[in-house]
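*Asks:* Chains as they are written, first to last, in this note's numbering: chain A, 42 to 154; chain B, 5 to 103. Note that the Cβ used here is the ideal one computed from N, Cα and C, for glycine as well. Remember, it's a predicted structure, so these values are computed and weren't measured experimentally.
#1: Express the C-alpha separation of residue 18 of chain B and residue 84 of chain B in angstroms, rounding to a whole number.
#2: Do the region 64-73 of chain B and the region 7-27 of chain B make contact, defined as three or more Cβ pairs closer than 8 angstroms?
#3: Along the chain, where does the alpha helix (DSSP H) that runs through residue 116 of chain A open and close?
#4: Does residue 136 of chain A have its Cβ less than 9 angstroms from a Cβ in chain B?
#5: Measuring straight from C-alpha to C-alpha, what distance separates residue 114 of chain A and residue 78 of chain B?
#6: Check whether the Cβ of residue 14 of chain B lies closer than 8 angstroms to any heavy atom of the ligand NAP, and answer yes or no.
#7: Straight-line CA distance for residue 142 of chain A to residue 101 of chain B?
#8: Once the 5 residues before and after residue 64 of chain B are set aside, which same chain residues still bring their CB inside 7 angstroms of it?
#9: Among the candidates A:50, A:129, A:55, A:148, whose CA atom is the shortest distance from the CA of residue 60 of chain B?
#10: Starting from residue 122 of chain A, follow the beta strand (DSSP E) in both directions and report where the run begins and ends.
#11: Indicate whether residue 52 of chain B and residue 22 of chain B have their beta-carbon atoms separated by less than 9 angstroms.
#12: Any beta-carbon of chain A closer than 9 angstroms to the one on residue 39 of chain B?
#13: If we ignore side chains and look at the alpha-carbon of each, how far apart do residue 154 of chain A and residue 54 of chain B end up?
#14: CA-CA distance, residue 38 of chain B and residue 81 of chain B?
#15: Is residue 133 of chain A helix, strand or coil when you go by DSSP?
#16: Between which two residues does the alpha helix (DSSP H) holding residue 96 of chain B run?
#17: Verify whether the separation of the beta carbon atoms of residue 59 of chain A and residue 124 of chain A is less than 9 angstroms.
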């Protein structure tokens with residue numbers, strides 16, 4: 042796939058799912074501690090999300106970094122917007138901001154905010 | 005220490021931080037993807053800088069990443085960071101129990 046095609050696919054993926062995580066490995070078998078940390082937070086919040094394993098696709102791994110102007114994985118997107126990597130998500134979860142942000146964006150969570 | 009020294013020099017030049025702590029956490033990731041003999045692959049940085057005032061977290065971290073483009077491209081696999089303004093740091097310090 043050309044770079045434009047990969048970028049188009051990213052845009053489509055983001056438009057189809059409210060919460061999208063680009064990560065290393067799968068939610069069941071994360072291949073990196075930082076990806077695992079974000080999975081744990083999303084799971085604790087009971088948020089439904091779509092994940093993409095960048096290790097399976099080097100062109101995606103490169104394209105997503107350029108798309109967000111962010112050089113590392115994981116990357117979490119909510120309603121098409123890049124929200125952050127592991128540190129930011131952890132910090133937002135710890136102070137309740139992430140729950141609030143999801144609610145504002147109309148994303149269902151099962152955990153009490 | 006070579007990479008760590010480069011990180012310190014570049015962040016100092018780019019952000020003129022009021023405080024800067026850099027911890028090499030590579031030993032915690034030994035054997036993990038991205039680790040390599042000799043370490044200096046996984047770092048944690050704590051940056052306090054007036055340059056962060058008025059910027060959301062994503063923008064702050066982008067500033068740090070941008071200053072370290074060469075290091076990220078050249079073998080630094082992970083960079084955990086906290087990015088605070090001097091006011092935020094002071095507010096946090098006030099909440100910490102006295103040492």
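*Replies:* Reading it off the structure:
#1: Indexing the second chain from 1 puts residue 84 of chain B at position 80. Indexing the second chain from 1 puts residue 18 of chain B at position 14. Their Cα atoms are separated by approximately 18 angstroms.
#2: yes
#3: Taking the first chain and counting its residues from 1, one reaches residue 116 of chain A at position 75. Premise fails: residue 116 of chain A lies in the beta strand (DSSP E), 116-119, not in any alpha helix (DSSP H).
#4: Position 95 of the first chain holds residue 136 of chain A. So no, residue 136 of chain A is outside the interface.
#5: Reading the first chain from its first residue, position 73 is the one you call residue 114 of chain A. Reading the second chain from its first residue, position 74 is the one you call residue 78 of chain B. Looking at the two C-alpha atoms, the distance is approximately 16 angstroms.
#6: Judged by which ligands are present, the structure shown has none, so any question about the ligand NAP falls away.
#7: Locating residue 142 of chain A in the first chain gives position 101, counting from the first residue. Locating residue 101 of chain B in the second chain gives position 97, counting from the first residue. So the two alpha carbons sit approximately 30 angstroms from each other.
#8: Locating residue 64 of chain B in the second chain gives position 60, counting from the first residue. 56, 87.
#9: Start at 1 with the first residue of the second chain, and residue 60 of chain B comes out as number 56. Checking every option, the nearest Cα to that of residue 60 of chain B belongs to A:129.
#10: For this step, residue 122 of chain A is matched to residue 81 along the first chain. Per DSSP, residue 122 of chain A belongs to the beta strand (DSSP E) from 122-125.
#11: For the purposes of this step, residue 52 of chain B is taken as residue 48 along the second chain, with counting starting at 1. For the purposes of this step, residue 22 of chain B is taken as residue 18 along the second chain, with counting starting at 1. Yes.
#12: In the second chain, counting from the first residue as 1, residue 39 of chain B sits at position 35. Cβ-Cβ to chain A under 9 angstroms: no for residue 39 of chain B.
#13: For the purposes of this step, residue 154 of chain A is identified with residue 113 of the first chain, where counting begins at 1. For the purposes of this step, residue 54 of chain B is identified with residue 50 of the second chain, where counting begins at 1. Caution applies to residue 154 of chain A, whose pLDDT of 46 falls short of 50 and renders its modelled position unreliable; the model cannot decide the point.
#14: Here residue 38 of chain B refers to the residue found at position 34 of the second chain. Here residue 81 of chain B refers to the residue found at position 77 of the second chain. Rounded to whole angstroms, residue 38 of chain B to residue 81 of chain B spans 6 angstroms at the Cα level.
#15: Numbered from 1 along the first chain, position 92 holds the residue referred to as residue 133 of chain A. If DSSP states are grouped into helix, strand and coil, residue 133 of chain A belongs with the helices.
#16: Locating residue 96 of chain B in the second chain gives position 92, where the first residue counts as 1. Element bounds for residue 96 of chain B: 90-99.
#17: Position 18 of the first chain holds residue 59 of chain A. Position 83 of the first chain holds residue 124 of chain A. No; because the gap between Cβ atoms is not below 9 angstroms, this pair is not in contact.
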